[in-house]
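Heads up: the first sequence begins at 12 in my numbering, then just goes up one per residue.
Note that the Cβ used here is the ideal one computed from N, Cα and C, for glycine as well.
Since this is a predicted model, take the numbers as computed values, not measurements.
First up is the structure itself, then whatever we jot down about it.
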Amino acid sequence: MLIDNDEKYLAMLDRLRTGPPLMVYDLETSGLDPFRGDRLIGVAILIPDMSGETPGETFYIPFRHLAGTNLPIDRLYWLAPFLADPQRSLVGFNLKFDVHSTEIERIPVFNRHMDVMLAAHLANENELSFALKHLGTKYLESSAADAESELMQKIKKKVKELGGSTASAKLKGEMRVLPPEHVAPYAEQDVYLTWQLARFYQEVLTKQGLLHLWPEVNAYSETITAMERRGVLIDPERCKRNLEYAKQRQEELYGQMRQIVGKDFNPNSVPQLREILKQKKTDRDTLIKLAQLKNPIAPLLLEYRAWVKVAGTYYEEFLKLMDDSYRIHPNLNLIGTISSRLSCSRPNLQALPRGTDVYRVRDLVIAPPGYVLVSFDWNQAELRLLAHYTKDEFLLDAYRHQKDIHQETADRIGITRTQAKRTNFSIVYGVGKIGLAEELGISVPEAAQLLERYHAMLPGIRKLYSTSEQIATRNRQIPMWTGRLRHYREEDPTHRAMSHLIQGGVAEMARIALTKLHRRLEGTRAYQILQIHDEILFEVPIGQEIEIVKAIKAIMEDYPFDVPIVAEGKIGYSWGNMKPIDFRDGEPVIPKLERENV
DNA sequence: CCGCATAGCCC
DNA sequence: GTACGGGCTATGCGGG
C-alpha cells in the first residue's frame with residue numbers, strides 16, 4: 012500500500028504499535044554511499060502476520076521522489092520510536108546499509124538486527140551471489156527478477172525523456188525520477204521477498220543446527236555497523252602533501268627512465284615494459300634480479316611502481332572517500348569470505364602498507380583531539396589455535412611457558428629463526444614442499460626434507476590435516492570451534508579443510524571479541540574502529556587508557572582453549588607510530604607519547 | 001562498458 | 001603423485 016497521506020501513515024503506525032515487535036525494513040535511496048551524500052527517498056515496510064495465515068502487509072512511504080506526491084520529510088521522524096527500541100527487531104537484507112541511511116537522517120537505530128543476508132551466508136557461504144533477487148529466484152519461485160528489470164526499463168525510459176544519462180550504474184540512483192506509485196510495488200516486493208527468505212532460512216538454519224548462530228552474527232552486524240559509522244580519522248593535510256610528493260617522484264622517475272629508454276613510453280603498461288626490459292614477466296622479483304645485474308631501469312621502475320601504488324590506492328582514494336569531518340567509513344563486509352573473516356573495501360583498510368619510507372600510509376590514520384589510538388593484536392592466534400587442536404606437546408609446552416615458538420622451532424629443526432617463522436606461517440596455510448621452497452628461497456628437495464623434520468617434531472599437525480580433510484570429504488562440511496560450518500559442494504576440493512578450520516576459527520574469535528567489546532565499551536567514550544583479522548584498532552579518550560586497555564585485554568584473552576590466548580597492546584597518536592603497552596602483574600604501563608611534528 | 005591479466009598491498 | 005589459505009584495488013588491454 013502506498014502511503015500518500017498522513018491518515019494512511021497514522022493507520023500504518025497503529026498497526027506497528029499493536030503488531031509483533033518486528034518489521035521488515037528496506038530503503039530506496041539515491042545511491043549507495045550514505046556517508047557521502049546519497050539519501051533515502053522512500054521507506055518500504057512489511058508488518059508480519061505472526062499467525063502465518065497471510066504474508067503480512069506491505070507499505071511504501073515516499074519522501075524524496077522527484078515526481079508525484081511525497082510525504083514531507085519531517086514525517087520520517089514518526090518512525091523514530093519504532094527504530095530506537097532495543098526490544099524490537101528489524102528484519103532486512105544487508106541491514107548495515109539501511110541503518111546507515113537512517114542514522115544519517117538523525118534517527119538512531121537501536122533495534123536488534125535480523126539480517127537475512129547473513130543467514131544466507133551462514134547457511135551456505137558458497138553462494139555465487141548474495142543479492143536478494145538471486146536468492147529469491149533460486150529458492151522461492153519468485154518473479155522478482157522480472158519485476159526488477161521491468162522497473163529498470165521504466166527508469167531508463169524516464170531518464171531518457173528527461174535527457175539524462177542512461178548509464179546502468181546510475182540507474183539505481185535515478186529511481187527517484189519515477190513517481191512513488193511506480194516504485195512502490197517494486198519496493199514492497201523487496202520487503203516481501205526478504206520476509207519470505209527469512210522464513211526459508213529459519214528452516215534451513217534449523218535443519219543445519221546453525222540457528223543459534225544467527226542472533227550472534229546479527230549482534231556482530233550491529234557492532235560492525237557502529238564501527239563503520241564511526242569510521243577512521245585521516246590527517247587530510249598530510250595526505251595531500253604525501254600525494255603531491257608521490258606524484259612528483261613519479262614524474263622524476265619517469266623522466267630518468269625516459270632518458271635511458273630514449274623515447275616516450277607508458278611505464279604502467281606491462282606489454283611495453285616486457286618489450287623494453289626483454290623479459291617475460293615484469294614483477295618485483297624479476298625487477299630485483301635485473302637490478303642486481305645492473306640494469307639501470309629496474310631500480311627506477313621498482314620505486315616508480317611503489318609511488319604509483321601508494322598514490323593511487325591510498326592517498327587519492329582517502330581524499331575521495333573522506334566525509335566533511337575527514338573520516339572515512341570503510342565497508343566492512345560480513346559475507347565477503349568463505350572463512351567467515353571480514354573483508355574490507357572502499358577503501359581496503361585491512362591492506363594498508365605497514366612499511367616505512369615510501370609506504371608510510373598508516374601515519375595518516377590519526378586519533379581525534381583528546382584521544383589516542385590503541386591497537387591490540389593476538390600473539391600468533393593461528394598457531395595457538397593449531398596447538399589447541401593438535402595437542403602437540405611441543406606447542407602446548409611452548410605456549411604454556413611463554414617460550415619463543417619460532418626460536419624453539421628453529422633449534423629443533425636446525426634452521427634460522429626467520430626460516431622457522433616463515434615455515435610456521437606456511438604450515439597454517441597447508442603448504443607443500445614447492446610452496447615452502449618458494450617461501451624460503453631453497454630447493455624443493457631441501458624444503459621436502461625440512462617438512463619431514465617439521466612433521467616429525469609436530470606429528471599432530473599432519474594428523475589434523477588429514478582428519479580435517481576426511482571430515483570435509485565425508486560430510487561435505489567441517490565445523491569451527493563455535494559450530495559455524497564451512498560447507499563443501501560435491502565438486503569442491505577439501506584439501507584446504509585444515510586451513511579453513513584455523514582461519515575460520517580465528518575469525519570466530521575476532522567476531523566474539525568484537526561483539527563483547529562493543530557491549531563493554533557502550534557508555535564509555537571509547538570506540539572500536541577497525542578489525543584487521545587478528546588486530547583491533549580503538550579510539551580511546553585520553554585519561555581512560557588504563558581502564559579500557561585492561562578491559563580489552565581481558566576480553567581478547569578469554570577463550571576456552573587448551574593453550575593461553577595472548578593479546579598485546581600498542582598505543583599512539585597515529586596508527587603508523589605506536590609504542591608497546593607493558594603489562595606488569597596485569598597492570599598496564601602506558602608509555603609516554605610524543606606528538607610527532609613533520 | 002566489462003572481464004581478464006598482471007601487479008601489489010594486507011593477515 | 002599432489003598442492004600456498006583468505007581478501008581488495010589499480011591499470012592496461014582487448015572483447016563487444
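* **Pair within 7 angstroms by beta-carbon distance, L548 and S386** => Looking up residue 548 in the first sequence gives position 537. Looking up residue 386 in the first sequence gives position 375. Yes, these two residues count as a Cβ contact at 7 angstroms.
* **contact_flag[the segment 341-352, the segment 250-258] where n(CB pairs < 8 angstroms) is 3 or more** => no
* To do: Would you check if the distance between the CB atom of V551 and the CB atom of V383 is smaller than 7 angstroms?
  => Here residue 551 refers to the residue found at position 540 of the first sequence. Here residue 383 refers to the residue found at position 372 of the first sequence. Yes.
* Asked: What is the residue span of the beta strand (DSSP E) that M265 lies within?
  -> Position 254 of the first sequence, counting from 1, holds the residue named residue 265. In the sequence as presented, Met is not what sits at residue 265; that position holds Tyr. That residue, Y265, is in no beta strand (DSSP E); its alpha helix (DSSP H) goes 247-272.
* **Whole runs of the alpha helix (DSSP H) within the segment 460-545, excluding any shorter than 4 residues** => 470-486, 508-532
* Please state whether DSSP places R338 in a helix, a strand or coil. => Locating residue 338 in the first sequence gives position 327, counting from the first residue. Strand, per DSSP.
* Grouping DSSP H, G and I as helix and E and B as strand, with all else coil, what is H124? -> One-based indexing of the first sequence puts residue 124 at position 113. Strand, per DSSP.
* Asked: For the candidate residues I543, Y538, G266, whose alpha-carbon lies nearest to that of Q555?
  -> The sequence position of residue 555 within the first sequence is 544, counting from 1. Per the Cα distances, Y538.
* Which residues in the same chain as F93 place their Cβ atom closer than 6 angstroms to its Cβ, once the five residues preceding and following it in sequence are excluded? -> Here residue 93 is taken as the residue at index 82 of the first sequence, counted from 1. Excluding sequence neighbours, F93 sits near L27.
* Taking only the alpha-carbon atoms, compute the straight-line gap between R269 and P307 and give it to the nearest angstrom. => Taking the first sequence and counting its residues from 1, the one referred to as residue 269 is at position 258. Taking the first sequence and counting its residues from 1, the one referred to as residue 307 is at position 296. Each residue's Cα considered, the two are about 11 angstroms apart.
* **Y400 - DSSP class collapsed to helix/strand/coil** => Within the first sequence, numbered from 1, the residue matching residue 400 stands at position 389. It is helical.
* **Rounded C-alpha distance that separates R47 from L21** => Your numbering for residue 47 matches position 36 in the first sequence. Your numbering for residue 21 matches position 10 in the first sequence. Their Cα atoms are separated by approximately 32 angstroms.
* Compare the beta carbon distance of E579 and N390 with 7 angstroms and say whether it is the shorter of the two. => Counted from its first residue, the first sequence places residue 579 at position 568. Counted from its first residue, the first sequence places residue 390 at position 379. Cβ atoms of E579 and N390: closer than 7 angstroms.
* Chain-order list of residues whose beta-carbon lies under 6 angstroms from that of T526 (same chain, five-residue window excluded) -> Taking the first sequence and counting its residues from 1, the one referred to as residue 526 is at position 515. If we look at T526 and ignore the five residues flanking it on each side, its Cβ neighbours are A230, Y231, T234.
* Let me know the alpha helix (DSSP H) ranges lying completely inside the segment 354-391, each 4 residues or longer, listed in chain order. => none
* To do: Between the Cα of D503 and those of N486, T217, G515, spot the shortest distance and give me the residue it belongs to.
  => Position 492 of the first sequence holds residue 503. When only C-alpha atoms are compared, the closest one is N486.
* **Between the CA atoms of F594 and R473 - distance to the nearest angstrom** => For the purposes of this step, residue 473 is taken as residue 462 along the first sequence, with counting starting at 1. For the purposes of this step, residue 594 is taken as residue 583 along the first sequence, with counting starting at 1. Whole-angstrom Cα-Cα distance: 36 angstroms.
* Please list the segments of the alpha helix (DSSP H) lying wholly inside the segment 214-246, counting only runs of 4 or more residues, in order along the chain. => 224-241
* Asked: Does DSSP put T40 in a helix, a strand or coil?
  -> Reading the first sequence from its first residue, position 29 is the one you call residue 40. Correct three-state label for T40: strand.
* Asked: So the alpha helix (DSSP H) T69 belongs to, where does it begin and stop?
  -> Sequence index remark: in the first sequence, residue 69 carries index 58 (1-based). First-last for T69: 68-73, but that is the beta strand (DSSP E), not the alpha helix (DSSP H).
* To do: Using 10 angstroms around the beta-carbon of S176, count the other beta-carbons present and answer buried if the total reaches 16, otherwise exposed.
  => Locating residue 176 in the first sequence gives position 165, where the first residue counts as 1. Per-residue confidence for S176 stands at a pLDDT of 47, beneath the threshold of 50, marking its modelled position as unreliable; the derived number appears in the next sentence. So S176 counts as exposed.
* Asked: Using the C-alpha atoms, what's the distance from Y71 back to A142?
  -> Position 131 of the first sequence, counted from the first residue, corresponds to residue 142. Position 60 of the first sequence, counted from the first residue, corresponds to residue 71. Cα to Cα, A142 sits roughly 21 angstroms from Y71.
* **Between the CA atoms of H76 and E39 - distance to the nearest angstrom** => As a position in the first sequence, residue 39 is number 28, starting the count at 1. As a position in the first sequence, residue 76 is number 65, starting the count at 1. Their Cα atoms are separated by approximately 10 angstroms.
* Rounded C-alpha distance that separates G587 from N359 -> Counting from 1 along the first sequence, the entry for residue 587 is found at position 576. Counting from 1 along the first sequence, the entry for residue 359 is found at position 348. For G587 and N359, the distance between alpha carbons rounds to 16 angstroms.
* Backbone secondary structure at F436 - three-state DSSP -> Taking the first residue of the first sequence as position 1, residue 436 is located at position 425. The answer is helix: DSSP assigns F436 an H, G or I state.
* **DSSP three-state assignment for A456, whether helix, strand or coil** => Here residue 456 corresponds to residue number 445 of the first sequence, with the count starting at 1. Here the sequence assigns Pro to residue 456, which means Ala is not the residue at that position. Three-state result, P456: helix.
* Tell me, please, whether the segment 510-524 touches the segment 483-502 by the rule of three or more beta-carbon pairs shorter than 8 angstroms. => yes
* Asked: In this structure, does DSSP put D593 in helix, strand or coil?
  -> In the first sequence, counting from the first residue as 1, residue 593 sits at position 582. In this structure, D593 counts as strand in the three-state DSSP scheme.
* To do: Report the rounded CA-to-CA distance for D388 versus D545, giving the unit in angstroms.
  => Within the first sequence, numbered from 1, the residue matching residue 388 stands at position 377. Within the first sequence, numbered from 1, the residue matching residue 545 stands at position 534. Cα to Cα, D388 sits roughly 5 angstroms from D545.
* To do: Go ahead and label N253 buried or exposed: buried means 16 or more other beta carbons lie within 10 angstroms of its beta carbon, across all protein chains shown.
  => Start at 1 with the first residue of the first sequence, and residue 253 comes out as number 242. Per the 10 Å Cβ criterion, buried.
* Asked: Tell me the DSSP bridge mates of N137?
  -> The residue labelled residue 137 in the question sits at position 126 within the first sequence. Partner(s): none; N137 has no beta bridge.
* Asked: Would you call the segment 93-108 and the segment 119-137 touching, i.e. three or more CB-CB distances under 8 angstroms?
  -> yes
* Note the first and the last residue of the continuous beta strand (DSSP E) segment covering P599. => Counted from its first residue, the first sequence places residue 599 at position 588. P599 -> beta strand (DSSP E) spans 598-600.
* **Simplified DSSP state of K289, which is helix, strand or coil** => In the first sequence, residue 289 corresponds to position 278, counting from 1. Looking at K289 - three-state DSSP - the assignment turns out to be coil, as it is neither helix nor strand.
* Keeping to the same chain, check which residues put their C-beta closer than 6 angstroms to that of P591; ignore five residues upstream and five downstream. => In the first sequence, counting from the first residue as 1, residue 591 sits at position 580. Excluding positions up to five away in sequence, the list reads K581.
* Would you grab the beta carbon distance between G242 and H340 for me? Rounded to a whole angstrom, and I think it's under 8 angstroms. => Here residue 242 is taken as the residue at index 231 of the first sequence, counted from 1. Here residue 340 is taken as the residue at index 329 of the first sequence, counted from 1. The Cβ separation is near 4 angstroms, so the contact holds.
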